[in-house]
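These notes concern the structure reproduced below.
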Amino acid sequence: MAEERITDQGAKDYKEFLHPVMVKNYGQWKYHEILKPGVLVHVADSGDKIYSVRVASPRLLSTVSIRFFMSVADKYCDGFLRWTTRNNVEFLTDKEENVELIIKAVNDDGWPVGGTGRTASNVVHTQGWVHCHTSATDASGIVKSLMDEVFEDFTSENLPGKLKLALACCLNMCGAVHASDISILGIHRRPPKVDYHLLGQICEIPTTIAACPTGAIRQDIVDGVKAMKIIEDQCMFCGACYTACPNMPLADALNDGVSIWVGGKIANARSKPGFTKLVVPFLPNNPPRWPEVIDAVKKIIQVYKDNGRKWERLGEMIDRIGWAKFFKLTGFAFTKYHIDDYKLATKSYNMSAHVRF
Amino acid sequence: MAEERITDQGAKDYKEFLHPVMVKNYGQWKYHEILKPGVLVHVADSGDKIYSVRVASPRLLSTVSIRFFMSVADKYCDGFLRWTTRNNVEFLTDKEENVELIIKAVNDDGWPVGGTGRTASNVVHTQGWVHCHTSATDASGIVKSLMDEVFEDFTSENLPGKLKLALACCLNMCGAVHASDISILGIHRRPPKVDYHLLGQICEIPTTIAACPTGAIRQDIVDGVKAMKIIEDQCMFCGACYTACPNMPLADALNDGVSIWVGGKIANARSKPGFTKLVVPFLPNNPPRWPEVIDAVKKIIQVYKDNGRKWERLGEMIDRIGWAKFFKLTGFAFTKYHIDDYKLATKSYNMSAHVRF
Amino acid sequence: MSDTPMMDELEKGPWPSFVREIRRAGKQSATARDLINILELSYKDKKTHWKHGGVVGVRGYGAGVIGRYVDDPVQFPGVAHFHTVRVNQTSGFVYNTKGLGEIMDIWDKRGSGMTNMHGSTGDLVLLGTTSEQLDPIFTDISQKGWDLGGSGSDLRTPSCCLGPARCEYACIDTLAITRECTNYYQDELHRPAFPYKFKIKVAGCSNDCVASIARSDLSIIGTWKDDIRIDQDEIANYVKGGGIDIMKEVVMMCPTQCIDFDGTKMEIDNSNCVHCMHCINKLTKALRVGTDQGATILLGAKAPIVEGAMLASVIVPFMKLEEPFENLKELIEALWEVWDEDGKNKERIGEFMERMGKGEFVEAVGEQLADGECGIEMTSQIDMINHPRENPYIFYDEYLEEEG
Amino acid sequence: MSDTPMMDELEKGPWPSFVREIRRAGKQSATARDLINILELSYKDKKTHWKHGGVVGVRGYGAGVIGRYVDDPVQFPGVAHFHTVRVNQTSGFVYNTKGLGEIMDIWDKRGSGMTNMHGSTGDLVLLGTTSEQLDPIFTDISQKGWDLGGSGSDLRTPSCCLGPARCEYACIDTLAITRECTNYYQDELHRPAFPYKFKIKVAGCSNDCVASIARSDLSIIGTWKDDIRIDQDEIANYVKGGGIDIMKEVVMMCPTQCIDFDGTKMEIDNSNCVHCMHCINKLTKALRVGTDQGATILLGAKAPIVEGAMLASVIVPFMKLEEPFENLKELIEALWEVWDEDGKNKERIGEFMERMGKGEFVEAVGEQLADGECGIEMTSQIDMINHPRENPYIFYDEYLEEEG
Ligand code: SRM
Ligand code: SRM
Ligand code: SRM
Ligand code: SRM
Ligand code: SF4
Ligand code: SF4
Ligand code: SF4
Ligand code: SF4
Ligand code: SF4
Ligand code: SF4
Ligand code: SF4
Ligand code: SF4
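Heads up: the protein sequence lines correspond to chains A, B, C and D, in order.
Each residue of the first sequence is one higher than the one before, starting from 34 at the first, in our numbering.
Each residue of the second sequence is one higher than the one before, starting from 34 at the first, in our numbering.
Each residue of the third sequence is one higher than the one before, starting from 2 at the first, in our numbering.
Each residue of the fourth sequence is one higher than the one before, starting from 2 at the first, in our numbering.
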């Protein structure tokens, strides 16, 4: 009865999918130039050149649009295209004259070009209300609202250095939220509301208890049946229990919202990679355009524009001017929530008399 | 029956004990100069001057020697003298001509002058075998052996910056061992040998169990009596249990010894204060002169002399040249013991691709 | 008035709109149309309407599909089922129109017409289909030579930067390494058997354009051991060109201050260079990575849950990586072995290493590797840490027993 | 051959010898003589011969004496008892010969003739006496106006740098503050009632010559809020003098690079100065601390046991400190109140603050202070930390309840 079933083939061979100029000069590149925002040329030791045109994408793409990209690639790029690690589309051609034609073609269908060099990046983001059950906020809607407003910073090199943006819709952080220049993080603020009746049946109680980082979940007996209860003041709303057990939803329209983090970085260039740090502990979900969130991010970008030195990333700038000044310039309030209280907290305490007045 | 008993008078008034020139110019000092190693002059706004002569001390002083110091103070300092926060003696006079007389007087009784400016400091140290029950090594003997060997660095300004030395004879660290340029730390390497029979009687079992940082102590029953046992592979020999309970001695001639730490600092000058870091995990107790220990410290000082920039503290120098180079220059072996594994350990991991070859 | 005013609002503005995308798909797909409706409702209610996913999948595979159901299937029948399928992207996310077209055709036939190009881990994510379609989708893509990615407690789809295919900085063949890790470990990718997920990302240099140091349990970053190559003529050209203030923008920004520049000639103290890439990034025509190339291997990046977010940290300061990457495989298997042995359920390898102590962990991996064929020596090394321990709580292994 | 070859060896060499000291004392004291003998034995056996001390002390006091017994009183009767007495030093460790002579006389009469000048905490430590002598010693020193220091779970003897008595950098009256803290809190010093020990150290400026930031639960460090005073003429003199390379040794070493120097004139961006003292230290004639002086208060330094070593961290970025220091006392009492309330046995205040969370701790102290007379406002402030939290595990206090 066993039918012929093909399994475990693995990933397709990328070699089929590389532009012939890239195959020829593989590993033999000499340097590159950014011809203008969104347009790169890479020059090989052989003198060969490959041009890349980077096109913004909302990541959530229809087959319709992808087919449109394919048509552009067929016309100008010998059928080759790629996506970047930040979900932009890149068109690759060895013909300089095609660059402007590609730009025109994509622009005409509503796709902007940019995102290279000292620009604001596309936003690494996640599912939100489009697909995920744990989300404390939407992803795509905030990203759209934000990029509409900082559009110029994507299409022109307005900034001191690269500005990497990220969003995750819950503390699972399915993205680079913990290490980006500016991150938006969906956040719950209520302990899960345990559905006592279903508990014993659907969830594995020990697994759920073990999932909680703070040990806030205790075994309980309700109506003679094994259940769980939450010690509410030990709960910090992370949702780890909900991932383990569907009967502990955290979503709560009144209390869910968004926090803002800054100054993380991944590249090893100059300073070491580092985590993002909290600046705004909570802003409400205010769809469709989350104006409070967008405002806060724009404020941060403005401070970066005004104070950053060339090539300096946002976090490097803040290290130089000091966090106190950064809060002063942005006008955000400093609260007890900004002071870490998790296990590695003490390392963030100011163990010195280094103070600015 | 209540006799007249004077209690709770508190500390004596320091005003009685200040040289009149210091009383007159209290809080009105303008600047100071180091006239030569061990000799300071402080100049007041009024133009008044006070000269200080700093004299080395082993801290462990007999009344005989203190009376000798008193005689010098009476002769040249109007009866005033003080101790420094590092246990040196300071003679204070407003008469410049007395400076050399003081130096001669103390030198004649075997007391060197120095320890100011860019010198090796006196060693902050503790009791060791002279008085303490928990010591893993002696204090005074190592200090004496060390200072005999680095004597020139105390009496002359040979170093890039100040070099603050410290020693503690066990992990209680009754000194500044966790934040000095070079620290010597007595260390046990065996779990306590529990004396089961006395246990229940002398120690409070719950207090002892609670004292252990790693939770290595468990309740036990021996011959029907409540006792304690040690899970040996969870013990890191800190001695906290012994402080709580006399029946858990750790001292062990074969396994006790000394570890060496570097790069800590207390002053806020330039960089923030910081902890010392392990360089030599273990050297044996080798009385009376601990040659292995003294050698290791001398090696470190030599590397500091050769590589430090003016005013740079040892830890600042290492930050600049990198730990790898420091280990290479000193020749110490790097082992797994150098990698922190306590709660804040991850913060010390190299979370970057910053690597030197 | 429209039924979906908030969705409509998000079609406006210069940035490409995801709503337009869903509507484009909606032209042919009822699922996509109901996606807009349920999203509008979420915007109104300010909360998700998706239920905790059940276990759905493809026969013979334990991974590659995420189940999802709407909470009100009666009102929104189009998204009653809304599962996603994770398809292995190619290394470097490169495509030609023929290959990509195969996926598009299948997805138009069997799914919502919506995708994520790409998922955060790297997969080509097909967004929204029903349980019945899962096996047929798998059969169809298999026919065309595609396969599924990871999910659950398994190896996740490795990913990488474009590296040597286009970039002058690449010190390792990121694309080949990624494909080899993917294809060699098919079982680990498709049939979850680890304590928890395990992600691999490969960057050609320490610019880390694939965010490996933040987002992968095993982060492989290209580097070099010898000297940075300097073309003094090109330095002179930069000086002449005037587009860059070399002193300010390069020399002063070197993290270890190991560059010497007198206005014309540049010298680098390579023994103090930490391979940060900054000078090479800025003077791309004049400076080049060295020729003794290989990788720094880092371990343990992860998001916050449970023990707090971690960046990956160095586990092998330098190793050569050449096809067929046997030494890398030996290392990976040794890491898995040690983690499998003592890792707890849902404990990422970084958390496990932290719990065990990095020194002990390295020792255990070293013991595994000792039997290997590649002769990898794995011992505690100073580049694994920023600085030696500050804490005196040392677990000395050895102590002497009483004499006699 | 000598009975004490190792002790003899340690009498040699240029550094003052503790052995010579003990032998000097030994001329009159059998205790000191047996101290040499027991030490020689320890050197031979490579271990201590002191037993865990019992509870010994002075009537009416719970502190100030550390009990100590030798393990072989038969062999070493001189040190059968070898207790230490901690006498309050004066602020700044200053003495005149009359005062110091009083102590010497008493100690020659009732003790070993050996001292520690001074103990690590700061006390004038009298080393080695018997239980019977303790009360008489106390009576004698009391007569002369001296008193005992702390030990056990109490306030320990505060100490300080010499500060305004001799140093041009002092921003606060370290000596007065230290004496006030000592004498105002006599009960807390002499009768242990805290969860654990509590140490106070006072430094006149951030050079911290009393190591307060590493060695005291409450570290008080002088600082200023306005501008560093610059005497440009003296700068010119330094330039002329040539003893110092201002650019290299001062400007480049400023941690925030906030000094501007064109070779003749110096300007400081005081808003970015972190009050590290370096420039002032190096140009002591030209630069002076500002005139709006006060202190930064830091909390929580301690040695490693149990939760790991800590340096003190900022709890009040700036406060004025003027006699009679009412605001400081209010602060100290508020800190004690919160610690006393919830601190566990043997939990230092720094560990307690860490367990509670610094933000919560500050809030609790702030509530205590709200009722105070000095109007101290204590809220979370950015100077308390190096950077805001990296961890998203935030305990939000407030959440909205369902409407309607
Ligand atoms: C006498 C004493 C204070 C006291 O009340 O007893 C003192 C006195 C002075 N210190 Fe200090 N310091 C004293 C212990 C300290 C300590 C604490 C310690 O050693 O445990 C420190 C912090 C140690 C550390 O950072 O690890 C300390 C770090 C400084 C510094 C910062 C040095 C640096 O750049 O890192 C200065 C500034 C300088 O020297 O330029 C300073 C400056 C000074 C000045 C110049 C202040 C002045 O104008 O009076 C004094 C003479 C300095 C000298 O000896 O070169 N003093 N000084 C202490 C002498 C101890 C001894 O006998 O050796
Ligand atoms: C689809 C995707 C987000 C996206 O929009 O791209 C995703 C979606 C989910 N992630 Fe994720 N994660 C995705 C990449 C990530 C990443 C980023 C990465 O891989 O570079 C991370 C952070 C890095 C890491 O692995 O730590 C990430 C960290 C998590 C975590 C936290 C894991 C941790 O150890 O802290 C969870 C929770 C869990 O595993 O139980 C999680 C769980 C989930 C679940 C399965 C929800 C859950 O509670 O079980 C999400 C399903 C959403 C849905 O309905 O589709 N997801 N997840 C990404 C996978 C697509 C792909 O295969 O390409
Ligand atoms: C296309 C892409 C790789 C890919 O395989 O997809 C890429 C391509 C290049 N990167 Fe990148 N980087 C790409 C993601 C990243 C990431 C990862 C991320 O964004 O999540 C990082 C690390 C982010 C971080 O640090 O937080 C990254 C940090 C860099 C840096 C370091 C910047 C810095 O100074 O901090 C450089 C060097 C530079 O630009 O000088 C660099 C340099 C480059 C160069 C110049 C390399 C080259 O010669 O080809 C490429 C063009 C740069 C440009 O866009 O300005 N790339 N680059 C990725 C484009 C993402 C996008 O669509 O926006
Ligand atoms: C005498 C003195 C050492 C010296 O040679 O100067 C000393 C001696 C002892 N210390 Fe200490 N400590 C002394 C200053 C310190 C300091 C330094 C300081 O105060 O600046 C520290 C580090 C700072 C701190 O407080 O954390 C210190 C941290 C400890 C600890 C660890 C406390 C902790 O929280 O980690 C212990 C253990 C304990 O309290 O149980 C301890 C315990 C002890 C005991 C009582 C031993 C014990 O196991 O109970 C020692 C008695 C020795 C003896 O036989 O005389 N001693 N102790 C110092 C007090 C003299 C004085 O009053 O002036
Ligand atoms: S970040 Fe949270 S809500 Fe968003 S996709 Fe990941 S698991 Fe779902
Ligand atoms: S939300 Fe997080 S902290 Fe709260 S009970 Fe669940 S797992 Fe624990
Ligand atoms: S450091 Fe340890 S051994 Fe030394 S005096 Fe303090 S408690 Fe005793
Ligand atoms: S020595 Fe320290 S770790 Fe070992 S049992 Fe005693 S308290 Fe615990
Ligand atoms: S990580 Fe390095 S090699 Fe890879 S694309 Fe980025 S710059 Fe090029
Ligand atoms: S790669 Fe970085 S560390 Fe190395 S020389 Fe260049 S800038 Fe300096
Ligand atoms: S701490 Fe400051 S004020 Fe006190 S002695 Fe040292 S330099 Fe002077
Ligand atoms: S005190 Fe320190 S931070 Fe302030 S200007 Fe001087 S050197 Fe710079």
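Cβ atoms here follow ideal geometry from the backbone N, Cα and C, with glycine treated the same way.
This structure is a prediction, so every number in the text was calculated from the model and none was measured.
- prompt: Given that Gly309 of chain D touches chain C, what residues does it touch there, using C-beta distances under 7 Å?
  reply: By one-based count along the fourth sequence, residue 309 of chain D stands at place 308. Here the neighbours are Asn392.
message: Please determine whether the Cβ atom of Ser92 of chain D lies at a distance below 7 Å from any heavy atom of ligand 1.
response: Mapped onto the fourth sequence, residue 92 of chain D falls at position 91. Checking the Cβ of Ser92 of chain D against ligand 1 gives no.
message: What are the residues in the segment 355-369 of chain B lying within 8 Å of chain C by C-beta distance?
response: Gly355, Trp356, Ala357, Lys358, Phe360, Phe367, Thr368, Lys369
task: Could you tell me whether the segment 271-285 of chain D touches the segment 210-223 of chain B, using the rule of 3 or more Cβ pairs below 8 Å?
output: no
- prompt: For the putative contact between Leu73 of chain B and Ser85 of chain B, defined by C-beta atoms under 8 Å, what is the C-beta separation to the nearest angstrom?
  reply: In the second sequence, counting from the first residue as 1, residue 73 of chain B sits at position 40. In the second sequence, counting from the first residue as 1, residue 85 of chain B sits at position 52. That pair is a contact at about 4 Å.
message: According to DSSP, simplified to helix, strand and coil, what is Ser154 of chain B?
response: Translated into the one-based positions of the second sequence, residue 154 of chain B becomes position 121. Ser154 of chain B: strand per DSSP, three-state reduction.
task: Could you tell me which uninterrupted alpha helix (DSSP H) segments, each at least 4 residues in length, are contained entirely in the segment 340-404 of chain C, listed from first to last along the chain?
output: 350-357, 359-371
- request: Check each candidate in D:Ile236, D:Glu402, D:Ser220, D:Lys283 and name the one with the smallest Cα separation from Leu329 of chain D.
  value: Along the fourth sequence, one-based indexing puts residue 329 of chain D at 328. It is D:Ser220.
message: Using beta carbons (cut-off 8 Å, strictly below), is Pro389 of chain D in contact with chain B?
response: Counting from 1 along the fourth sequence, the entry for residue 389 of chain D is found at position 388. No, Pro389 of chain D does not count as interfacial toward chain B.
field: Any heavy atom of ligand 7 within less than 5 Å of residue CB: hits in chain order
entry: B:Thr159, B:Gln160, B:Cys165, B:Thr167, B:Ser168, B:Ala201, B:Cys202, B:Cys203, B:Asn205, B:Cys207
Contact under 8 Å by Cβ, Cys94 of chain B with Ala153 of chain B: Position 61 of the second sequence, counting from 1, holds the residue named residue 94 of chain B. Position 120 of the second sequence, counting from 1, holds the residue named residue 153 of chain B. Per the sequence presented here, residue 94 of chain B reads as Leu, with Cys not at that position. Cβ atoms of Leu94 of chain B and Ala153 of chain B: not closer than 8 Å.
query: Using the C-alpha atoms, what's the distance from Cys245 of chain A back to Ala310 of chain C?
result: Here residue 310 of chain C is taken as the residue at index 309 of the third sequence, counted from 1. Here residue 245 of chain A is taken as the residue at index 212 of the first sequence, counted from 1. Computed Cα separation, rounded: 15 Å.
- request: Identify whether Met34 of chain B lies in helix, strand or coil by the three-state DSSP scheme.
  value: Start at 1 with the first residue of the second sequence, and residue 34 of chain B comes out as number 1. At Met34 of chain B, the pLDDT of 41 sits below 50, so the modelled position is not reliable; the number obtained from the coordinates is stated separately. In this structure, Met34 of chain B counts as coil in the three-state DSSP scheme.
- prompt: Got a sec: which bits of the segment 324-356 of chain C sit with their beta carbon under 9 Å from any beta carbon on chain A, in order along the chain?
  reply: Lys345, Asn346, Lys347
- prompt: Hey, how far is the Cα of Leu101 of chain C from the Cα of Asn120 of chain A?
  reply: Here the question's residue 101 of chain C lines up with position 100 in the third sequence. Here the question's residue 120 of chain A lines up with position 87 in the first sequence. Leu101 of chain C and Asn120 of chain A: Cα-Cα distance of roughly 16 Å.
- prompt: Since Met261 of chain B sits in a beta bridge, which residues does DSSP pair it with?
  reply: For the purposes of this step, residue 261 of chain B is identified with residue 228 of the second sequence, where counting begins at 1. Answer is B:Gln252.
- prompt: Between the segment 264-285 of chain A and chain D, which residues of the former have a C-beta closer than 9 Å to a C-beta of the latter?
  reply: Asp266, Gln267, Cys268, Met269, Phe270, Cys271, Asp285
- request: Could you tell me the distance, in whole angstroms, from the CA atom of Cys259 of chain D to the CA atom of Glu268 of chain D?
  value: Walking along the fourth sequence from the start, residue 259 of chain D turns up at place 258. Walking along the fourth sequence from the start, residue 268 of chain D turns up at place 267. So the two alpha carbons sit approximately 8 Å from each other.
task: Pull up the CB-CB distance for Leu163 of chain C and Ile229 of chain C, whole angstroms please, since I reckon it's below 8 Å.
output: Translated into positions along the third sequence, residue 163 of chain C becomes position 162. Translated into positions along the third sequence, residue 229 of chain C becomes position 228. Not a contact, Cβ separation roughly 22 Å.
message: Going by the DSSP bridge assignment, what does Arg87 of chain A pair with across the sheet?
response: For this step, residue 87 of chain A is matched to residue 54 along the first sequence. Per DSSP, A:Glu123.
- prompt: Quick check: the segment 153-168 of chain C against the segment 129-137 of chain C, are there 3 or more CB pairs under 8 Å?
  reply: no
message: Let me make sure I understand the geometry here. Which of D:Pro256, D:Tyr400, D:Phe139, D:Met115 has the alpha-carbon closest to that of Ile92 of chain B?
response: Here the question's residue 92 of chain B lines up with position 59 in the second sequence. The sequence given here has Arg at residue 92 of chain B, not Ile. For the residues D:Pro256, D:Tyr400, D:Phe139, D:Met115, the minimum Cα distance to Arg92 of chain B belongs to D:Met115.
message: So if I threshold CB-CB distances at 8 Å, which residues from the segment 202-215 of chain C count as touching chain B?
response: Ser207, Asp209, Ile214
CB contact check: Asp339 of chain A to chain D, cutoff 8 Å: Along the first sequence, read from residue 1 onward, the residue named residue 339 of chain A stands at position 306. Asp339 of chain A does not count as touching chain D.
query: How would you label Ile264 of chain A, buried or exposed, when you count the other beta carbons within 10 angstroms and need 16 or more for buried?
result: Counting from 1 along the first sequence, the entry for residue 264 of chain A is found at position 231. It is exposed - the Cβ of Ile264 of chain A has fewer than 16 other Cβ atoms within 10 Å.
task: Output the distance between the C-alpha atoms of Met379 of chain D and Glu338 of chain D, rounded to the nearest integer angstrom.
output: Residue mapping note: residue 379 of chain D aligns to position 378 of the fourth sequence, counting from 1. Residue mapping note: residue 338 of chain D aligns to position 337 of the fourth sequence, counting from 1. Distance between the alpha carbons of Met379 of chain D and Glu338 of chain D: 15 Å.
field: Alpha-carbon to alpha-carbon, Ala386 of chain A and Pro324 of chain B
entry: In the second sequence, the residue the question calls residue 324 of chain B occupies position 291. In the first sequence, the residue the question calls residue 386 of chain A occupies position 353. One C-alpha to the other measures close to 38 Å.
message: Is Tyr382 of chain B close to chain C? Criterion is C-beta to C-beta, closer than 8 Å.
response: As a position in the second sequence, residue 382 of chain B is number 349, starting the count at 1. Yes, Tyr382 of chain B lies at the interface with chain C (some Cβ there is under 8 Å from its Cβ).
- prompt: Given that a residue counts as buried once 16 or more other Cβ atoms are within 10 Å of its Cβ, and exposed if not, what is Val312 of chain A?
  reply: Counted from its first residue, the first sequence places residue 312 of chain A at position 279. Buried, because 16 or more other Cβ atoms sit within 10 Å of the Cβ of Val312 of chain A.
- request: Take every Cβ of the segment 251-270 of chain B, pair it with every Cβ of the segment 356-369 of chain D, and state whether three or more of those distances are shorter than 8 Å.
  value: no
message: List, in chain order, every chain C residue whose beta-carbon is nearer than 9 Å to that of Ser304 of chain A.
response: For the purposes of this step, residue 304 of chain A is identified with residue 271 of the first sequence, where counting begins at 1. Residues of chain C passing the Cβ test: Pro256, Cys277.
task: Using beta-carbon positions only, say whether Val203 of chain C and Trp147 of chain C come within less than 8 Å of one another.
output: For the purposes of this step, residue 203 of chain C is taken as the residue at position 202 of the third sequence. For the purposes of this step, residue 147 of chain C is taken as the residue at position 146 of the third sequence. Contact flag unset, no.
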